[in-house]
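So the structure is just underneath, and the comments pick up after that.
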Amino acid sequence: MRDLVLEFVVRTALVAIATGVVLRLLRVRSAGARHAAWLGVLAVMLLLPAWTQFGPRMALRLLPSTPATATPPTLPFPTALSFAPMPSGPATSAAHPWNWGVALVALYVSISMALLARLVLGTIHTRILVRRASLRDGHLTSGDCASPVTVGLFHPVPILPEGWTAWPPAQLEAVLVHEREHVRRRDPLVQWIAIFNRAVFWFHPLAWWLERRLSTLAEAACDAAVLSRGCDPIDYSGYLLEISRAIGQSGSRVKLLGMAMAGRPLSQRIRQIVEHAPAPRITRGRALGLALACTTVSVVLAAATVDRQEAPPSPPSPPPPPAPVAVFDVPAPPAPPLAPNPPTPPAAPLPPAPPAPQDQPAPRFYPFAQHRLIALCFDLRGISADAQVGALAAASSLVRRDPGSAELFSVMAYRDGQLRVLEDFTAERERIVNAIQRLAGNPGDQISAEQRLAILQAATQMLSPLAGKKNLVYIGSPAAFSGGADVNALIADAIRADVAFFPINVSAPATPRPDK
Numbered sequence: 151m152r153d154l155v156l157e158f159v160v161r162t163a164l165v166a167i168a169t170g171v172v173l174r175l176l177r178v179r180s181a182g183a184r185h186a187a188w189l190g191v192l193a194v195m196l197l198l199p200a201w202t203q204f205g206p207r208m209a210l211r212l213l214p215s216t217p218a219t220a221t222p223p224t225l226p227f228p229t230a231l232s233f234a235p236m237p238s239g240p241a242t243s244a245a246h247p248w249n250w251g252v253a254l255v256a257l258y259v260s261i262s263m264a265l266l267a268r269l270v271l272g273t274i275h276t277r278i279l280v281r282r283a284s285l286r287d288g289h290l291t292s293g294d295c296a297s298p299v300t301v302g303l304f305h306p307v308p309i310l311p312e313g314w315t316a317w318p319p320a321q322l323e324a325v326l327v328h329e330r331e332h333v334r335r336r337d338p339l340v341q342w343i344a345i346f347n348r349a350v351f352w353f354h355p356l357a358w359w360l361e362r363r364l365s366t367l368a369e370a371a372c373d374a375a376v377l378s379r380g381c382d383p384i385d386y387s388g389y390l391l392e393i394s395r396a397i398g399q400s401g402s403r404v405k406l407l408g409m410a411m412a413g414r415p416l417s418q419r420i421r422q423i424v425e426h427a428p429a430p431r432i433t434r435g436r437a438l439g440l441a442l443a444c445t446t447v448s449v450v451l452a453a454a455t456v457d458r459q460e461a462p463p464s465p466p467s468p469p470p471p472p473a474p475v476a477v478f479d480v481p482a483p484p485a486p487p488l489a490p491n492p493p494t495p496p497a498a499p500l501p502p503a504p505p506a507p508q509d510q511p512a513p514r515f516y517p518f519a520q521h522r523l524i525a526l527c528f529d530l531r532g533i534s535a536d537a538q539v540g541a542l543a544a545a546s547s548l549v550r551r552d553p554g555s556a557e558l559f560s561v562m563a564y565r566d567g568q569l570r571v572l573e574d575f576t577a578e579r580e581r582i583v584n585a586i587q588r589l590a591g592n593p594g595d596q597i598s599a600e601q602r603l604a605i606l607q608a609a610t611q612m613l614s615p616l617a618g619k620k621n622l623v624y625i626g627s628p629a630a631f632s633g634g635a636d637v638n639a640l641i642a643d644a645i646r647a648d649v650a651f652f653p654i655n656v657s658a659p660a661t662p663r664p665d666k
């Protein structure tokens, strides 16, 4: 899960950066065109999780190829050996370790639900505002509004404050053009989607930035539409100042709980209107090029995976020449002189044929004579959470020590009445460490010395088919064996299987290392 979230954050950030670069290279100044480009980034952000799971992927081979290295093959042995569980001793309570993954998921869900609840509440109050508005001279009017607003997701409508009848005709015309442009562009729906995206991906700074950026560009696009109708920039700035003064006296644009009407800061809007010339309308060709560039960048960054280049196939190496065979010329001995044949003695009876030897077991094949086998056997039942953490950390330290040594590790663990092999013998240390870290969990009930004796017997049976010396590191709580036939049988089996035991007490300060 952590890797998926990190990949999502990186990919969306790259899409946003690439979109900004495209806008800069194409010198796009139109607020409407920039609004459309950043709306595409918002759509990519919302669809990227589903695309990552179910969409097509393409590999970009950018990294250089790595030479193939010979990896020792994995030495397989039985993956599970079951035996009847023995009656356990008295149960002991153990504290559960703190799960940071669950805590982070709970934090994400809590904040996301709070933001979504605020969005739903604002949507409901928007519908209430529209229903309470009264129609006056063909325009919806509401006393809850301190300034003109456009609300509604699928059927947006402009609502004017009660004092609009005192406005001069030029101001009313400018305000109506501005709000009708919001209706034509469906800006309330876009803003609602941006706020929803911020509630779902609140942990990503891009979600907050997109919500503010889309609101700013929407206001700029509507201001440009007003100025394109011939409205004087100085007069229009004065209208905006009067509306801002009314908002300051009221305290908010809309007097309803949960309503959040976004808007560009007034000082920036007035500076843009007065100081800057209106941006030229973007041509159809530039608009098509902008859409094609942004779409290509978004698709590539959303679906591409960086892969290594394929190395050219190397020609097969010729077989080695046969080893020369030394031939020695030995002179034949001189032939003895011929002599008359002696008389033939009578034939003696043949002795009986010796009995056929019994079939002997074939010698076991040991392909890793240059390696040392170390099997880590974990039995964490009846061990406290703190002791488990110490045991797993000590075992990981044992595996990571001397990474260049000729050692093969495996991981066994007792689970659900079976001694299971989690990782076969391998030289990949990180695979072993990952298998060790997955063992943390519920410690279970306290077990007796007889149960641990049965686990050692099962581990010895699993290691017996492998030829050569094996080192079995038993990691668990200490248990005193009182001797008896079972202990003697275990010792005899270990000698026949060439298995050396190294019991590790998890409460000890350091982890001993099997002798080389």
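Counted the way the numbering used here counts, the sequence shown spans residues 151 to 666.
Quick reminder that beta carbons are idealized off the backbone N, C-alpha and C, glycines included.
This structure is a prediction, so every number in the text was calculated from the model and none was measured.
If you draw a straight line from the C-alpha of residue i to the C-alpha of residue j, how long is it?
| i | j | result |
| --- | --- | --- |
| R286 | L326 | 14 Å |
| D636 | L603 | 8 Å |
| T242 | V155 | For T242, the predicted model reports a pLDDT of 44, less than 50, meaning its position is unreliable; a value from the coordinates is still stated below. C-alpha separation (whole angstroms): 38 Å. |
| A166 | R335 | 22 Å |
| R419 | W359 | 18 Å |
| L310 | G435 | 38 Å |
| P298 | W250 | 48 Å |
| E573 | R550 | 16 Å |
| L279 | V159 | 37 Å |
| L530 | R152 | 27 Å |
| A590 | E361 | 42 Å |
| P237 | D566 | Residue confidence is low: P237 scores 46 on pLDDT, short of 50, so the model does not pin down where it sits. No coordinate-derived value is stated. |
| S560 | T162 | 40 Å |
| C295 | L322 | 16 Å |
| G540 | L569 | 22 Å |
| N621 | E157 | 41 Å |
| V340 | G302 | 11 Å |
| W317 | A324 | 11 Å |
| V450 | L192 | 16 Å |
| G170 | R579 | 43 Å |
| P355 | A267 | 20 Å |
| Q601 | I654 | 16 Å |
| Q203 | G388 | 52 Å |
| L257 | G439 | 42 Å |
| L367 | S402 | 21 Å |
| A441 | A181 | 15 Å |
| H521 | L558 | 7 Å |
| I533 | W201 | 44 Å |
| D337 | A375 | 14 Å |
So, helix, strand or coil for residue i, using DSSP?
| i | result |
| --- | --- |
| P553 | coil |
| N249 | coil |
| C444 | helix |
| H354 | coil |
| D648 | coil |
| I586 | helix |
| P308 | strand |
| V165 | helix |
| L569 | strand |
| C381 | coil |
| I393 | helix |
| S534 | coil |
| P206 | coil |
| S560 | strand |
| G626 | strand |
| A344 | helix |
| L616 | coil |
| D129 | One cannot answer for residue 129 here, as it falls past the ends of the chain, which runs 151 to 666. |
| L196 | helix |
| L523 | strand |
| P653 | strand |
If contacts are defined as beta-carbon pairs under 8 Å, then residue i and residue j qualify, I think. What distance do you get, rounded to the angstrom?
| i | j | result |
| --- | --- | --- |
| F575 | L523 | 6 Å |
| A609 | A525 | 7 Å |
| L377 | P383 | 6 Å |
| A644 | F651 | 7 Å |
| S260 | W352 | Rounded, the Cβ-Cβ distance is 11 Å, inconsistent with contact. |
| V270 | P306 | No, V270 and P306 are not in contact; Cβ-Cβ is about 18 Å, not under 8 Å. |
| R184 | L173 | 6 Å |
So that I know if they touch, is there some Cβ in chain D lying closer than 7 Å to that of residue i?
| i | result |
| --- | --- |
| A193 | In the structure shown, chain D does not exist; there is a single protein chain. |
How about residue i: is its Cβ closer than 6 Å to a heavy atom in the ligand ADP?
| i | result |
| --- | --- |
| A599 | This structure lacks the ligand ADP, and indeed carries no ligand of any kind. |
_Runs of alpha helix (DSSP H) wholly within the stretch 249-303 (minimum 4 residues, chain order)_ = Listed in chain order, the alpha helix (DSSP H) elements of length 4 or more contained wholly in the stretch 249-303 are 250-282.
*Per the contact definition of three or more C-beta pairs closer than 8 Å, is the stretch 390-400 in contact with the stretch 343-355?*
no
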